[in-house]
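Here's the structure, in structure tokens; my notes come after.
Residue numbers (UniProt numbering): 1 to 186.
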């Protein structure tokens, strides 16, 4: 009998920890800390490691769970468990070959999909390049696009586009003008 999907943050954490126990992975699940993120805009989950204490915390994003539902979200849990496994055994974690192999063993996605669209977009200026990563926050590449940042695919310059308004800029001055013009609509 399949249980209903968690409807509260506490239920999600409890169900995630119980689900983690069912995954065949050499990681001390009972020793993991579990928490919810309300702030994340792109990451469905995360895994934090305290090298001094050895504590491992799996962070689950509530908005991602709401978007994905339990069935898809279990992939996020398995993904973060692979990070926990790496931290537990090696004191470090990434998305390299070791991660990929262990993720394949437990059918965990190598990357979890984003659950919201960014409000900003970096757009390559090269005619034959389709690089267009989105951004949720005004990071340095958004605020200072002309200070050494380049297209991640072809190395060309890019413009930043505010998706809702269509405004674009290539400099910090342009960013400031757009931010001022948009005001509360930023």
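Beta carbons: idealized from backbone N, C-alpha and C, even for Gly.
Neighbour-count burial assignment, residue i, 16 or more Cβ in a 10 Å radius
i, result
"residue 165", "exposed"
"residue 190", "Here the chain has residues from 1 to 186 only, and residue 190 is not among them."
"residue 139", "exposed"
"residue 162", "buried"
"residue 83", "buried"
"residue 80", "buried"
"residue 76", "buried"
Backbone CA spacing between residue i and residue j [nearest angstrom]
i, j, result
"residue 187", "residue 49", "The structure shown does not extend to residue 187, since the chain is modelled only from 1 through 186, so no value can be given for it."
"residue 136", "residue 112", "17 Å"
"residue 180", "residue 146", "19 Å"
"residue 134", "residue 122", "6 Å"
"residue 167", "residue 5", "41 Å"
"residue 119", "residue 157", "20 Å"
"residue 176", "residue 183", "11 Å"
"residue 47", "residue 93", "9 Å"
"residue 64", "residue 107", "19 Å"
"residue 178", "residue 51", "42 Å"
Neighbour flag for residue i against chain C, beta carbons, 8 Å
i, result
"residue 95", "In summary, chain C is missing from the structure at hand, where a single protein chain is found."
CB of residue i within 8 Å of CB of residue j, strictly
i, j, result
"residue 25", "residue 85", "yes"
"residue 23", "residue 78", "yes"
"residue 131", "residue 104", "no"
Closer than 7 Å: residue i CB and nearest the ligand PLP heavy atom
i, result
"residue 69", "Among the components modelled here there is no ligand, and therefore nothing to report on the ligand PLP."
Integer-rounded CB distance, given that residue j should sit under 8 Å from residue i
i, j, result
"residue 62", "residue 9", "6 Å"
"residue 20", "residue 60", "Between residue 60 and residue 20 the Cβ distance is about 11 Å, and since that is not below 8 Å, they are no contact."
* Give a yes or no on contact between the stretch 34 to 46 and the stretch 111 to 125, applying the rule of three or more CB pairs nearer than 8 Å. => yes
* Asked: Looking at C-beta atoms only, is the number of pairs between the stretch 54 to 63 and the stretch 28 to 41 that lie closer than 8 Å three or more?
  -> yes
* Are the stretch 62 to 73 and the stretch 88 to 98 touching by the rule of at least three beta carbon pairs closer than 8 Å? -> no
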